[in-house]
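One structure below.
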Amino acid sequence: MKKNHILCAAFAVVLLLLPNLAFARGRAAATDPGIRGNLTIATTTSTYDSGLLQYILPVFTAEKGWTTSVISVGTGMALQIGRLGEADVLLVHARPLEDEFVADGHSLARFDVMYNDFIVVGPRGVMAHGTDISAALREIADRNLPFVSRGDNSGTHVMELSLWETAGVDVATLTNYSSVGQGMGATLRITNEMEAFTLTDRATWLAHLYALGQLEVVCELDVSLLNFYGVLAVNPNKGAHINAQGAQDFIDWLLRPDIQQLIGGFGVEEFGEPLFTPNAHVN
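Right, dumping it as C-alpha coordinates:
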(Lines of atoms letter the chains of each structure in order from A; the text may use other names.)
(Lines give C-alpha, C1' and ligand atoms only; values in the text may rest on other atoms or scores of the structure.)
Protein backbone atom coordinates (compact mmCIF):
# COMPACT_ATOMS: atom_id res chain seq x y z
CA MET A 0 0.00 0.00 0.00
CA LYS A 1 2.79 2.40 0.91
CA LYS A 2 4.51 1.61 -2.40
CA ASN A 3 1.31 2.51 -4.32
CA HIS A 4 1.09 5.84 -2.47
CA ILE A 5 4.69 6.60 -3.45
CA LEU A 6 4.02 5.71 -7.10
CA CYS A 7 0.88 7.88 -7.14
CA ALA A 8 2.76 10.78 -5.62
CA ALA A 9 5.58 10.42 -8.14
CA PHE A 10 3.07 10.32 -11.00
CA ALA A 11 1.43 13.49 -9.69
CA VAL A 12 4.79 15.26 -9.62
CA VAL A 13 5.43 14.25 -13.21
CA LEU A 14 2.03 15.64 -14.23
CA LEU A 15 2.83 18.91 -12.51
CA LEU A 16 6.18 19.14 -14.27
CA LEU A 17 4.88 18.35 -17.76
CA PRO A 18 3.79 21.93 -18.60
CA ASN A 19 7.18 23.26 -17.49
CA LEU A 20 9.01 20.60 -19.47
CA ALA A 21 6.91 21.45 -22.53
CA PHE A 22 7.67 25.16 -22.00
CA ALA A 23 11.40 24.39 -21.76
CA ARG A 24 11.23 22.38 -24.97
CA GLY A 25 9.35 25.25 -26.62
CA ARG A 26 12.01 27.73 -25.55
CA ALA A 27 14.76 25.47 -26.87
CA ALA A 28 12.92 25.09 -30.16
CA ALA A 29 12.49 28.86 -30.39
CA THR A 30 16.07 29.77 -29.57
CA ASP A 31 18.20 27.01 -31.06
CA PRO A 32 17.32 26.02 -34.64
CA GLY A 33 17.83 28.68 -37.28
CA ILE A 34 19.44 31.34 -35.10
CA ARG A 35 22.67 32.28 -36.87
CA GLY A 36 24.02 34.97 -34.54
CA ASN A 37 23.50 38.61 -33.68
CA LEU A 38 23.48 41.71 -35.87
CA THR A 39 24.22 45.12 -34.33
CA ILE A 40 22.36 48.00 -35.99
CA ALA A 41 23.32 51.62 -35.22
CA THR A 42 20.49 53.90 -36.24
CA THR A 43 18.94 57.32 -35.82
CA THR A 44 16.45 57.79 -33.01
CA SER A 45 13.57 58.40 -35.43
CA THR A 46 13.51 54.80 -36.68
CA TYR A 47 13.26 53.62 -33.08
CA ASP A 48 11.10 56.37 -31.54
CA SER A 49 8.56 56.03 -34.35
CA GLY A 50 8.23 52.28 -33.70
CA LEU A 51 9.39 51.26 -37.19
CA LEU A 52 12.18 48.95 -36.02
CA GLN A 53 9.94 47.25 -33.50
CA TYR A 54 7.56 46.66 -36.42
CA ILE A 55 9.98 45.17 -38.95
CA LEU A 56 12.86 43.56 -37.03
CA PRO A 57 10.90 40.58 -35.66
CA VAL A 58 10.03 39.75 -39.27
CA PHE A 59 13.71 39.95 -40.23
CA THR A 60 14.77 37.66 -37.36
CA ALA A 61 12.05 35.12 -38.10
CA GLU A 62 12.94 35.03 -41.78
CA LYS A 63 16.73 35.39 -41.81
CA GLY A 64 17.74 33.95 -38.44
CA TRP A 65 19.73 36.92 -37.12
CA THR A 66 18.81 38.37 -33.76
CA THR A 67 19.36 42.12 -33.55
CA SER A 68 20.81 44.64 -31.12
CA VAL A 69 19.78 48.24 -31.82
CA ILE A 70 21.86 51.28 -30.85
CA SER A 71 19.49 54.24 -31.20
CA VAL A 72 21.39 57.55 -31.33
CA GLY A 73 21.70 60.58 -33.58
CA THR A 74 23.02 59.94 -37.08
CA GLY A 75 26.36 61.60 -36.30
CA MET A 76 26.91 59.27 -33.36
CA ALA A 77 25.70 56.25 -35.34
CA LEU A 78 28.28 57.01 -38.03
CA GLN A 79 30.98 57.39 -35.37
CA ILE A 80 30.01 54.00 -33.94
CA GLY A 81 30.42 52.62 -37.45
CA ARG A 82 33.84 54.25 -37.79
CA LEU A 83 34.93 52.51 -34.60
CA GLY A 84 33.66 49.16 -35.86
CA GLU A 85 31.17 48.87 -33.00
CA ALA A 86 28.19 48.11 -35.26
CA ASP A 87 27.65 45.90 -38.29
CA VAL A 88 25.21 48.03 -40.26
CA LEU A 89 23.83 51.60 -40.12
CA LEU A 90 20.36 52.96 -40.90
CA VAL A 91 20.68 56.76 -40.89
CA HIS A 92 19.52 60.01 -42.52
CA ALA A 93 22.15 62.63 -43.28
CA ARG A 94 23.18 62.15 -46.90
CA PRO A 95 26.31 64.37 -46.90
CA LEU A 96 27.66 62.59 -43.82
CA GLU A 97 26.77 59.19 -45.28
CA ASP A 98 28.59 59.97 -48.54
CA GLU A 99 31.62 61.09 -46.56
CA PHE A 100 31.48 57.83 -44.56
CA VAL A 101 31.66 55.82 -47.81
CA ALA A 102 34.34 58.06 -49.34
CA ASP A 103 36.51 57.54 -46.25
CA GLY A 104 36.28 53.77 -46.68
CA HIS A 105 34.16 52.98 -43.62
CA SER A 106 31.53 51.41 -45.88
CA LEU A 107 31.63 50.15 -49.44
CA ALA A 108 28.23 51.50 -50.51
CA ARG A 109 25.08 53.36 -49.43
CA PHE A 110 21.57 52.35 -50.49
CA ASP A 111 18.31 54.34 -50.45
CA VAL A 112 15.69 52.79 -48.18
CA MET A 113 12.87 55.27 -47.55
CA TYR A 114 12.02 58.87 -46.82
CA ASN A 115 9.63 60.95 -44.81
CA ASP A 116 9.73 64.68 -44.21
CA PHE A 117 10.66 67.25 -41.63
CA ILE A 118 8.17 69.69 -40.15
CA VAL A 119 8.40 72.66 -37.81
CA VAL A 120 6.11 72.46 -34.79
CA GLY A 121 5.39 75.14 -32.22
CA PRO A 122 2.89 76.40 -29.65
CA ARG A 123 -0.70 76.65 -30.78
CA GLY A 124 -1.90 79.97 -32.16
CA VAL A 125 1.49 81.73 -32.18
CA MET A 126 2.37 81.42 -35.89
CA ALA A 127 0.25 80.91 -38.97
CA HIS A 128 0.65 77.63 -40.84
CA GLY A 129 2.94 77.88 -43.88
CA THR A 130 4.87 75.91 -46.48
CA ASP A 131 7.96 78.11 -46.83
CA ILE A 132 10.60 76.90 -44.37
CA SER A 133 12.94 79.87 -44.85
CA ALA A 134 10.10 82.32 -44.17
CA ALA A 135 9.07 80.37 -41.06
CA LEU A 136 12.60 80.36 -39.62
CA ARG A 137 13.10 84.06 -40.36
CA GLU A 138 9.83 84.83 -38.53
CA ILE A 139 10.99 82.79 -35.51
CA ALA A 140 14.27 84.73 -35.53
CA ASP A 141 12.72 88.17 -36.10
CA ARG A 142 10.16 87.68 -33.32
CA ASN A 143 12.75 86.11 -30.99
CA LEU A 144 10.51 83.09 -30.43
CA PRO A 145 11.94 80.20 -28.40
CA PHE A 146 13.46 77.40 -30.48
CA VAL A 147 14.74 74.04 -29.22
CA SER A 148 17.48 72.30 -31.21
CA ARG A 149 18.49 68.68 -30.80
CA GLY A 150 22.09 69.85 -30.81
CA ASP A 151 23.42 66.30 -31.13
CA ASN A 152 24.93 66.19 -34.64
CA SER A 153 22.03 63.97 -35.71
CA GLY A 154 20.59 64.02 -39.21
CA THR A 155 17.82 66.27 -37.92
CA HIS A 156 20.32 68.64 -36.32
CA VAL A 157 22.43 68.78 -39.48
CA MET A 158 19.29 69.53 -41.52
CA GLU A 159 18.18 72.20 -39.06
CA LEU A 160 21.50 74.07 -39.25
CA SER A 161 21.43 73.87 -43.04
CA LEU A 162 17.89 75.31 -43.11
CA TRP A 163 18.86 78.24 -40.84
CA GLU A 164 21.81 78.97 -43.12
CA THR A 165 19.62 78.88 -46.24
CA ALA A 166 17.19 81.24 -44.49
CA GLY A 167 20.05 83.66 -43.85
CA VAL A 168 19.90 83.34 -40.06
CA ASP A 169 23.01 82.90 -37.90
CA VAL A 170 21.91 80.75 -34.95
CA ALA A 171 24.74 82.22 -32.86
CA THR A 172 22.78 85.48 -32.81
CA LEU A 173 19.57 83.88 -31.48
CA THR A 174 19.11 84.63 -27.79
CA ASN A 175 16.10 82.33 -27.39
CA TYR A 176 17.75 79.26 -28.94
CA SER A 177 18.26 76.15 -26.75
CA SER A 178 20.52 73.25 -27.74
CA VAL A 179 19.54 70.23 -25.64
CA GLY A 180 21.69 67.36 -26.94
CA GLN A 181 18.75 64.92 -26.91
CA GLY A 182 17.04 62.50 -29.25
CA MET A 183 13.93 63.49 -31.16
CA GLY A 184 11.36 62.15 -28.72
CA ALA A 185 12.99 63.89 -25.75
CA THR A 186 13.44 67.10 -27.75
CA LEU A 187 9.73 67.14 -28.60
CA ARG A 188 8.81 66.69 -24.95
CA ILE A 189 11.11 69.57 -23.94
CA THR A 190 9.68 71.74 -26.72
CA ASN A 191 6.17 70.98 -25.54
CA GLU A 192 7.03 71.88 -21.94
CA MET A 193 8.72 75.14 -23.01
CA GLU A 194 5.99 75.99 -25.54
CA ALA A 195 8.74 76.52 -28.07
CA PHE A 196 9.44 75.60 -31.71
CA THR A 197 11.52 72.77 -33.10
CA LEU A 198 12.29 70.84 -36.27
CA THR A 199 11.19 67.21 -36.18
CA ASP A 200 10.69 64.33 -38.58
CA ARG A 201 7.00 63.69 -39.16
CA ALA A 202 7.15 60.02 -38.10
CA THR A 203 8.35 60.81 -34.57
CA TRP A 204 5.87 63.68 -34.33
CA LEU A 205 2.94 61.40 -35.17
CA ALA A 206 4.19 58.66 -32.83
CA HIS A 207 4.34 61.14 -29.91
CA LEU A 208 1.40 63.34 -30.81
CA TYR A 209 -0.81 62.17 -27.95
CA ALA A 210 1.66 63.63 -25.41
CA LEU A 211 2.30 66.95 -27.20
CA GLY A 212 -0.89 68.88 -26.55
CA GLN A 213 0.74 72.33 -26.55
CA LEU A 214 2.14 71.98 -30.09
CA GLU A 215 0.89 72.12 -33.67
CA VAL A 216 2.48 71.96 -37.12
CA VAL A 217 3.45 75.44 -38.29
CA CYS A 218 5.48 74.66 -41.42
CA GLU A 219 5.47 71.62 -43.72
CA LEU A 220 5.57 70.38 -47.32
CA ASP A 221 8.47 72.54 -48.50
CA VAL A 222 10.46 70.34 -50.90
CA SER A 223 13.65 71.09 -48.96
CA LEU A 224 12.14 69.32 -45.94
CA LEU A 225 12.31 65.85 -47.50
CA ASN A 226 14.20 63.45 -45.24
CA PHE A 227 15.99 60.53 -46.91
CA TYR A 228 17.24 57.40 -45.11
CA GLY A 229 20.11 55.20 -46.23
CA VAL A 230 21.51 51.84 -45.14
CA LEU A 231 25.25 51.13 -45.07
CA ALA A 232 27.16 48.00 -44.12
CA VAL A 233 30.24 48.72 -42.02
CA ASN A 234 33.41 47.78 -43.89
CA PRO A 235 34.32 44.23 -42.78
CA ASN A 236 38.02 45.11 -42.80
CA LYS A 237 37.46 46.69 -39.39
CA GLY A 238 37.83 43.23 -37.86
CA ALA A 239 36.66 39.66 -37.75
CA HIS A 240 33.99 40.68 -35.22
CA ILE A 241 32.04 42.54 -37.93
CA ASN A 242 29.03 40.48 -38.99
CA ALA A 243 29.41 41.14 -42.70
CA GLN A 244 27.04 38.35 -43.75
CA GLY A 245 24.32 39.54 -41.38
CA ALA A 246 24.74 43.13 -42.58
CA GLN A 247 24.43 42.10 -46.22
CA ASP A 248 21.42 39.92 -45.43
CA PHE A 249 19.77 42.90 -43.69
CA ILE A 250 20.43 45.24 -46.62
CA ASP A 251 19.18 42.75 -49.20
CA TRP A 252 16.10 42.06 -47.08
CA LEU A 253 15.37 45.75 -46.43
CA LEU A 254 15.49 46.59 -50.16
CA ARG A 255 13.28 43.69 -51.24
CA PRO A 256 9.95 44.79 -52.80
CA ASP A 257 7.77 43.01 -50.24
CA ILE A 258 9.70 44.52 -47.31
CA GLN A 259 9.56 47.94 -48.97
CA GLN A 260 5.79 47.42 -49.07
CA LEU A 261 5.85 46.46 -45.37
CA ILE A 262 7.67 49.72 -44.56
CA GLY A 263 5.18 51.68 -46.65
CA GLY A 264 2.29 50.25 -44.66
CA PHE A 265 3.71 51.20 -41.27
CA GLY A 266 1.52 53.74 -39.49
CA VAL A 267 -1.42 53.64 -41.90
CA GLU A 268 -3.76 51.79 -39.55
CA GLU A 269 -2.92 53.91 -36.50
CA PHE A 270 -2.36 57.34 -38.05
CA GLY A 271 -4.25 57.15 -41.33
CA GLU A 272 -1.05 57.75 -43.33
CA PRO A 273 2.32 56.01 -43.78
CA LEU A 274 5.13 57.25 -41.56
CA PHE A 275 7.76 56.39 -44.18
CA THR A 276 7.70 56.15 -47.98
CA PRO A 277 9.92 53.38 -49.40
CA ASN A 278 12.26 54.41 -52.21
CA ALA A 279 14.76 51.60 -52.75
CA HIS A 280 15.90 51.30 -56.36
CA VAL A 281 14.21 54.61 -57.27
CA ASN A 282 17.50 56.44 -57.87
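Residues in the sequence shown are numbered from 0 upward in steps of one, following numbering that gives the first Met the number 0.
All C-beta atoms in this analysis are idealised placements derived from N, C-alpha and C, irrespective of residue type, glycine included.
Computed from a predicted structure; not experimentally measured.
Taking just the CA atoms, how far does residue 245 sit from residue 64?
Rounded to the nearest angstrom, the two C-alpha atoms are 9 Å apart.
By the DSSP assignment, the alpha helix (DSSP H) with residue 47 in it spans what residues?
Where residue 47 is concerned, the enclosing alpha helix (DSSP H) stretches over 44-48.
Excluding the 5 residues flanking residue 167 on each side, which residues of the same chain have their C-beta closer than 8 Å to its C-beta?
If we look at residue 167 and ignore the five residues flanking it on each side, its Cβ neighbours are 133 and 137.
In this structure, what does DSSP give as the bridge partners for residue 107?
For residue 107, which the question treats as bridged, DSSP gives no partner whatsoever.
Roughly how many angstroms lie between the CA atoms of residue 52 and residue 247, to the nearest whole one?
Straight-line Cα distance between these residues: approximately 17 Å.
Which residues in the same chain as residue 116 place their Cβ atom closer than 8 Å to its Cβ, once the five residues preceding and following it in sequence are excluded?
Hits under 8 Å: 200, 201, 219, 220, 224, 225 and 226.
Do the stretch 178-190 and the stretch 229-238 touch if we need at least three Cβ pairs shorter than 8 Å?
No, they do not touch.
What does DSSP give as the partner residue(s) for residue 276 in the beta ladder?
In DSSP, residue 276 forms a bridge with 114.
Smallest Cα separation from residue 75: which of 41, 165 and 37?
Measuring from the Cα of residue 75, the nearest candidate turns out to be 41.
Relative to the C-alpha of residue 105, which residue among 124, 217 and 80 is closest?
Taking only the C-alpha atoms, the option nearest residue 105 is 80.
Give the DSSP bridge partners of residue 65, in chain order.
Its beta-bridge partners are 36.
Could you tell me which residues DSSP pairs with residue 227 in its beta bridges?
DSSP, once it has assigned bridges, lists 114 as partnering residue 227.
Taking Cβ to Cβ, would you say residue 270 is nearer than 8 Å to residue 211?
Not closer than 8 Å, so no.
Hey, how far is the Cα of residue 198 from the Cα of residue 174?
Straight-line Cα distance between these residues: approximately 18 Å.
Between residue 262 and the rest of its own chain, which residues show a CB-CB distance below 6 Å, the 5 nearest in sequence each way excluded?
Result list for residue 262: 113, 275 and 277, in chain order.
By a C-beta neighbour count over all protein chains shown, 10 Å radius and 16 as the cutoff for buried, is residue 97 buried or exposed?
Burial call: buried.
Count the other C-beta atoms from every protein chain shown that fall within 10 angstroms of the C-beta of residue 294, then say buried if there are 16 or more, exposed otherwise.
With the chain represented from 0 up to 282, any question about residue 294 goes unanswered, as that position is not in the structure.
Could you tell me the boundaries of the beta strand (DSSP E) in which residue 146 lies?
Residue 146 -> beta strand (DSSP E) spans 146-148.
Cβ atoms of residue 93 and residue 119: under 8 Å apart, would you say?
Not a contact, by the Cβ cut-off of 8 Å.
Where DSSP assigns a beta bridge to residue 177, which residues make up the other side?
According to DSSP, residue 177 bridges with 147.
Under the three-state reduction of DSSP, which class applies to residue 200: helix, strand or coil?
Strand at residue 200.
Under the rule that 16 or more other beta-carbon atoms within 10 Å means buried, what is residue 222, buried or exposed?
By the 10 Å Cβ count, residue 222 comes out exposed.
Could you give the first and the last residue of the continuous alpha helix (DSSP H) run that contains residue 215?
Element bounds for residue 215: not the alpha helix (DSSP H) but the beta strand (DSSP E), 214-218.
Is it right to say residue 149 is buried, meaning 16 or more other beta carbons lie within 10 angstroms of its own, or is it exposed?
Buried, since its Cβ has 16 or more Cβ neighbours within 10 Å.
With DSSP as the reference, label residue 241 as helix, strand or coil.
DSSP places residue 241 in coil when its eight states are reduced to three.
Going by CA-CA distance only, name the one from 160, 36, 49 and 233 that's closest to residue 101.
Closest by alpha carbon: 233.
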